[in-house]
Amino acid sequence: MSKKAKILWTTDNKETALLMVCLYAHNAILKGWMDEVEVLVWGASQRLISEDAEVRAKVEAMVKDGVKVVACLKCADTMEITAPLQSCGIDVFYTGELLSSWINSGETIVSV
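Here it is, written out as structure tokens:
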């Protein structure tokens, strides 16, 4: 059975982003704690990634190392930050159905 981590990241708090979301998600892949890590970036966290170079660099490194990072297209378009998110390797699309599938799967979702 595959070990999977699903993280819903909504906060724009930089400390939480760096010291929880990015730190855990990246290490879970690098250290083999999880086989798959998927991070759904929604709302204010998207602006943080697009505007903060340190956070953006961490996200780019996570993506490079195999963490799947996706973001809500509606939020990104509303904030006019779709292109900067895509340039980080983030897959940007309408994510309501994805989140619903996470919830309906019964798997644990970490929400930050």
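Residue 154, in the numbering used here, is where the sequence shown stops; the numbers in between run on with no holes. All residues carry an ideal CB built from backbone N, CA and C; glycine is no exception. All of these numbers come straight from a predicted model, not from anything done at the bench.
* Asked: Got a sec, what are the start and stop residues for the beta strand (DSSP E) Val134 sits in?
  -> Within the sequence shown, the letter at position 92 stands for residue 134. Counting along the chain, the beta strand (DSSP E) containing Val134 begins and ends at 133 to 135.
* To do: Would you kindly check if the distance between the Cβ of Glu102 and the Cβ of Gly131 is under 8 angstroms?
  => Here residue 131 is taken as the residue at index 89 of the sequence shown, counted from 1. Here residue 102 is taken as the residue at index 60 of the sequence shown, counted from 1. Against a cut-off of 8 angstroms, the Cβ pair of Glu102 and Gly131 comes out as a contact.
* Going by the CB atoms, is the gap between Val83 and Ile91 shorter than 8 angstroms? -> By one-based count along the sequence shown, residue 91 stands at place 49. By one-based count along the sequence shown, residue 83 stands at place 41. Taking a C-beta distance under 8 angstroms as the contact criterion, Ile91 and Val83 qualify as a contact pair.
* Asked: Ordered along the chain, which non-local residues of its own chain (more than five positions away) have a Cβ less than 8 angstroms from that of Ile145?
  -> The residue you call residue 145 lines up with position 103 of the sequence shown. Within the same chain, Cβ atoms closer than 8 angstroms to the Cβ of Ile145 are found at Ile151, the five residues on either side in sequence being excluded.
* Asked: Does the beta-carbon distance from Lys46 to Glu149 come in below 8 angstroms?
  -> If you number the sequence shown from 1, residue 46 lands on position 4. If you number the sequence shown from 1, residue 149 lands on position 107. A contact, by the Cβ cut-off of 8 angstroms.
* **beta strand (DSSP E) segment containing Glu149, residue limits** => In the sequence shown, residue 149 corresponds to position 107, counting from 1. Note, Glu149: premise wrong, no beta strand (DSSP E); not H, not E.
* Inspect the beta-carbon positions of Val63 and Val109 and report whether they are closer than 8 angstroms. => Locating residue 63 in the sequence shown gives position 21, where the first residue counts as 1. Locating residue 109 in the sequence shown gives position 67, where the first residue counts as 1. In this structure, Val109 does not lie closer than 8 angstroms to Val63 by Cβ.
* In the DSSP assignment, find the unbroken alpha helix (DSSP H) run with Ala59 in it and report its ends. => Position 17 of the sequence shown, counted from the start, is the residue given in the question as residue 59. Ala59 -> no alpha helix (DSSP H), and no H or E assigned at all.
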